[in-house]
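So the sequence shown is residues 3 to 389, counted in the numbering used here. Note that beta-carbon positions come from the ideal geometry of N, C-alpha and C, so glycine has one too. Everything on this sheet refers to the single structure shown next.
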Amino acid sequence: MTGQASVGRGPEPSMPDGDTRPAALPEAPGALAPFRSPIFAGMWIASVVSYFGGLIQSVGAAWLMTALAPSADMVTLVQVSTVLPIVLFSLPAGAAADVWDRRGVMLTAQTFMLAVSVLLASVALAGAVTPWLLLALTFLLGCGGALYGPAWQSSVREQVPPDDLPAAVSLNSAAFNLARAAGPALGGVLVAAYGAQLTFLVNAVSYVGLIGILLSWRRASPAPGLPPEGMVRAMRAGLRFAQLSHAVQAVLLRSALFGLTASGIWALMPLIARDLLPGGAATFGLLLAAFGVGAVAGAFAGTPLRARLSGEGVVVLSSVAFGLAGLGATLSPWLAGTLAALVLCGAAWVFALSQFNITVQVRTPRWVVGRVLAIYQAAVFAGLAFG
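Here's what the structure looks like:
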């Protein structure tokens, strides 16, 4: 993710702890080139399944809360309980990704989330869940996601050749948005037909494939380099690097501002559906799907776009496009016009966030990349939360 004219371009920095990425594959330019790597393809498919499970579970949790404590504050806290751990624990998670074996960190996070999901499903089926227990368990799921994120993002460079890194980052963004285009609607169908308890079971099962892929990954051990760091020292080093790197500072500022301003679409989309069109829950689902479709399209279009523009150009274009599309979504009195505007919003969202992520990965030495990605992630979600 980027903030200066030079971001997103330039040579790969030297890796003080050794480069454990696979050897370059035969040239295969294009948005789908990362799928030539078996571990990336397996992780991507399993991640899509896991994303579906998580989004289905989030629908079930929010709906269950409407029955347990039907107040707007309590329903909102379901989402807050999932996002807050990312803001609070991203830096320790990033340090863990750099200090410990990333594959082991990811396995620990996924196994923990599987256990929490099974517990949530069990208490829900037994009719023993309470509002605060539901919030506590969704908070724990968020903690698992916070631990998993930096290790997963910083491991992408080990899964694909360097030239495929931008496309791999875009494809990973597309994976989530592909699930977002249909996951909430599927969750609503399951809740209506079978109750919220089934959504918790579906989420638990969705972790199995990703755990299996991680167990099968024979990750190369990094070459010995710098002496091992403790967690506290590692976090201080990550903060110090982010403080001293002008490129990273620009990314953090730009990504936080982008999240802050772009969050209005997320926060007000239900009101756009209900008051401006007007419509109901089905209309809201269509708006979410349009944003997701645009994000998927943007992920695949990002590779040729980056070939024509600098990193700075991608971010400027994305910011302008998101702002204009957001304005169009709020002014359009027709559903078709609003859907078209939200498709453009989704594409611009992925263009910007993918470029920020790519810049962090390219401009950060390998020994500290997990921590810097975690700090960046916290900046984005802090902007979204405040927005």
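Does the distance from the CB of residue i to the CB of residue j come in under 8 Å?
{"i": "Ala206", "j": "Val298", "result": "no"}
{"i": "Tyr209", "j": "Gln112", "result": "yes"}
{"i": "Gly240", "j": "Arg373", "result": "yes"}
{"i": "Val85", "j": "Ala387", "result": "yes"}
{"i": "Thr285", "j": "Ala33", "result": "no"}
{"i": "Leu344", "j": "Ile213", "result": "no"}
{"i": "Gly385", "j": "Ser247", "result": "no"}
{"i": "Arg182", "j": "Arg105", "result": "no"}
{"i": "Trp154", "j": "Met108", "result": "yes"}
{"i": "Gly146", "j": "Phe178", "result": "no"}
{"i": "Met271", "j": "Val101", "result": "no"}
In angstroms, rounded to a whole number, what distance separates the CA positions of residue i and residue j?
{"i": "Ala97", "j": "Phe293", "result": "33 Å"}
{"i": "Ala30", "j": "Ala64", "result": "Only weak support is given to the placement of Ala30: the predicted model assigns it a pLDDT of 42, under 50, and the question is left unresolved by the model."}
{"i": "Ala349", "j": "Ala331", "result": "14 Å"}
{"i": "Ser157", "j": "Arg368", "result": "10 Å"}
{"i": "Gly144", "j": "Gly328", "result": "29 Å"}
{"i": "Asp103", "j": "Phe324", "result": "38 Å"}
{"i": "Ala26", "j": "Met67", "result": "Note that Ala26 scores a pLDDT of 40, beneath 50, so its modelled location is shaky; the value from the coordinates is reported in the next line. Each residue's Cα considered, the two are about 49 Å apart."}
{"i": "Ala43", "j": "Leu255", "result": "32 Å"}
{"i": "Leu90", "j": "Val82", "result": "12 Å"}
{"i": "Pro133", "j": "Leu139", "result": "10 Å"}
{"i": "Leu79", "j": "Tyr150", "result": "22 Å"}
{"i": "Ala48", "j": "Val171", "result": "16 Å"}
{"i": "Ala195", "j": "Gln363", "result": "44 Å"}
{"i": "Leu167", "j": "Leu57", "result": "26 Å"}
{"i": "Ser124", "j": "Thr110", "result": "21 Å"}
{"i": "Gly190", "j": "Phe243", "result": "44 Å"}
{"i": "Val370", "j": "Arg238", "result": "11 Å"}
{"i": "Leu137", "j": "Leu259", "result": "29 Å"}
{"i": "Ala395", "j": "Gln199", "result": "This structure cannot speak to residue 395, because the chain is shown only from 3 to 389."}
{"i": "Arg23", "j": "Arg159", "result": "Low local confidence applies: a pLDDT of 41 at Arg23 is under 50, so the model's placement there is unreliable, and no value is given."}
{"i": "Leu217", "j": "Gln357", "result": "30 Å"}
{"i": "Ala148", "j": "Leu180", "result": "21 Å"}
{"i": "Ser320", "j": "Ser334", "result": "21 Å"}
{"i": "Phe353", "j": "Gln161", "result": "22 Å"}
{"i": "Gly389", "j": "Val317", "result": "19 Å"}
{"i": "Gly211", "j": "Trp351", "result": "28 Å"}
{"i": "Pro28", "j": "Val51", "result": "Legend: pLDDT at Pro28 = 40, less than 50; position of this residue unreliable, value from coordinates given subsequently. Their backbone Cα atoms lie some 29 Å apart in a straight line."}
{"i": "Phe383", "j": "Phe141", "result": "15 Å"}
{"i": "Ile215", "j": "Asp277", "result": "45 Å"}
{"i": "Thr366", "j": "Ala126", "result": "44 Å"}
{"i": "Leu70", "j": "Val118", "result": "20 Å"}
{"i": "Gln251", "j": "Asn359", "result": "13 Å"}
{"i": "Gln245", "j": "Met76", "result": "37 Å"}
{"i": "Ala236", "j": "Gly313", "result": "29 Å"}
{"i": "Gly281", "j": "Leu326", "result": "23 Å"}
{"i": "Leu375", "j": "Ala128", "result": "40 Å"}
{"i": "Phe302", "j": "Leu273", "result": "30 Å"}
Using only the heavy atoms of the ligand GTP, determine whether one of them is closer than 7 Å to the beta carbon of residue i.
{"i": "Tyr209", "result": "Of the ligands one can find in the structure shown there are none, so the ligand GTP has no counterpart to examine."}
Which whole-angstrom value describes the C-beta separation of residue i and residue j, a residue pair presumed to lie in contact below a C-beta threshold of 8 Å?
{"i": "Thr361", "j": "Ala264", "result": "In fact, because the Cβ distance is near 18 Å, the residues do not count as touching under 8 Å."}
{"i": "Pro152", "j": "Ala99", "result": "4 Å"}
{"i": "Ser175", "j": "Leu355", "result": "7 Å"}
{"i": "Gly55", "j": "Val193", "result": "Gly55 to Val193, Cβ: 14 Å. No contact."}
{"i": "Trp219", "j": "Ile88", "result": "Trp219 to Ile88, Cβ: 24 Å. No contact."}
{"i": "Pro36", "j": "Leu173", "result": "6 Å"}
{"i": "Val92", "j": "Ile377", "result": "Reading off the sequence shown, one finds Ser at residue 92, where the question assumed Val. Confirmed, about 7 Å."}
{"i": "Leu346", "j": "Gly296", "result": "6 Å"}
{"i": "Leu279", "j": "Thr340", "result": "7 Å"}
{"i": "Ala187", "j": "Ala275", "result": "Rounded, the Cβ-Cβ distance is 14 Å, inconsistent with contact."}
{"i": "Ala53", "j": "Gly197", "result": "Checking the sequence shown, residue 53 turns out to be Tyr, not Ala. In fact, because the Cβ distance is near 22 Å, the residues do not count as touching under 8 Å."}
For this session: Return the chain-ordered ranges of every beta strand (DSSP E) run that is complete within the segment 90 to 141 and spans a minimum of 3 residues.
Result: Within the segment 90 to 141, no complete beta strand (DSSP E) run reaches 3 residues.
Exercise. Going along the chain, which unbroken runs of the alpha helix (DSSP H) with 4 or more residues stay wholly within the segment 261 to 334?
Worked result: Qualifying alpha helix (DSSP H) stretches, in chain order: 283 to 310 and 313 to 333.
For this session: Could I get the ranges of all uninterrupted alpha helix (DSSP H) runs contained in the segment 155 to 216, with 4 residues as the minimum, in chain order?
Result: 158 to 161 and 167 to 196
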